[in-house]
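Student: I'd like to ask you about the structure that follows.
Take a look at the structure:
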């Protein structure tokens, strides 16, 4: 059979990408959306009035959340970048405690998704996970750049000593790719190798995301990225605890 050459790449419209993100959110629905979670174990299902009021309270916060995320998305140039940011914010918020995620838009404006307890004048807690849009690191502009901090503790040598805190930070850059590796030009491959070496030298993790994969399942792809960073961070903490105290290490 004659070689038909590379198949034409299908361009996804912004509307299609938005619909894909919505479907992906439904596919990876947060457990809190299950009706059974709206009451304590052993109790009757939540009263419909309580659920209705809860949705009203959440909607008040959601309007502010949507406004901040919408601003950050509109600063980005392409729809894949916007969908990636939205999915990463959702995945990051699920992986952190309330107030534990800080997002920095391309303009430099910061906000803390899910910080429902925020009171004007109160300082935000130190974020567990920070993500920034279009950050330049080692002359490479990443669609999203992540920094995660994980803390472990080691007991003192004497019982009266306070546990020693071990704080570890890991970083990960996300690059969007239009073409898979086997379709990239020699110059693009050379540039990829340079980026790989630079990231390794600085201790950064690197995640390349094909736009086609992002289109297929935005939330699933974002969750994979968040898990990879979290796993690396936890491994570093365990290694640091073994080196610092061995049997004296705490969780």
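Numbering (my numbering), first residue to last: 2 to 252.
Glycine residues also receive a C-beta, built at the ideal position from the N, C-alpha and C atoms.
Model, not experiment: these values are computed from the prediction.
(1) To which residues of the same chain is residue 75 closer than 6 angstroms at the C-beta, ignoring the five residues directly before and after it?
(2) Whose C-alpha, out of 236, 196, 211 and 212, is nearest the C-alpha of residue 205?
(3) Out of curiosity, what's the CA-to-CA distance linking residue 221 and residue 242?
(4) How big is the Cα-Cα spacing for residue 142 and residue 53?
(5) Starting from residue 153, follow its DSSP beta bridges and name the residues at the other end.
(6) Looking only at its own chain, which residues have a Cβ that is under 7 angstroms from the Cβ of residue 237, when we skip the five neighbours before and after it?
(7) Using DSSP with H/G/I as helix, E/B as strand and the rest coil, what is residue 111?
(8) May I ask which residues mark the beginning and end of the beta strand (DSSP E) holding residue 209?
(9) If you check the beta carbons only, do residue 90 and residue 70 fall under 8 angstroms apart?
(10) In the DSSP assignment, what are the bridge partners of residue 173?
(11) Can you tell me which of 183, 173 and 66 puts its alpha carbon nearest to the alpha carbon of residue 228?
(12) For residue 23, which residues in the same chain have their Cβ closer than 6 angstroms to its Cβ, ignoring the five residues on either side in sequence?
(13) Any idea what DSSP makes of residue 102, helix, strand or coil?
(14) Give the secondary structure of residue 70 by DSSP, where H, G and I count as helix, E and B as strand, and everything else as coil.
(15) Are residue 114 and residue 94 closer than 8 angstroms when you measure CB to CB?
(16) Rounded C-beta distance between residue 132 and residue 99? I'm assuming under 8 angstroms.
(17) Using 8 angstroms for Cβ pairs, my map puts residue 134 next to residue 145. What's the rounded Cβ distance?
Tutor: By the coordinates alone:
(1) none
(2) 196
(3) 31 angstroms
(4) 44 angstroms
(5) 167
(6) 169 and 171
(7) strand
(8) 206-211
(9) yes
(10) 147 and 206
(11) 173
(12) none
(13) strand
(14) helix
(15) yes
(16) That pair is no contact at about 17 angstroms.
(17) 6 angstroms
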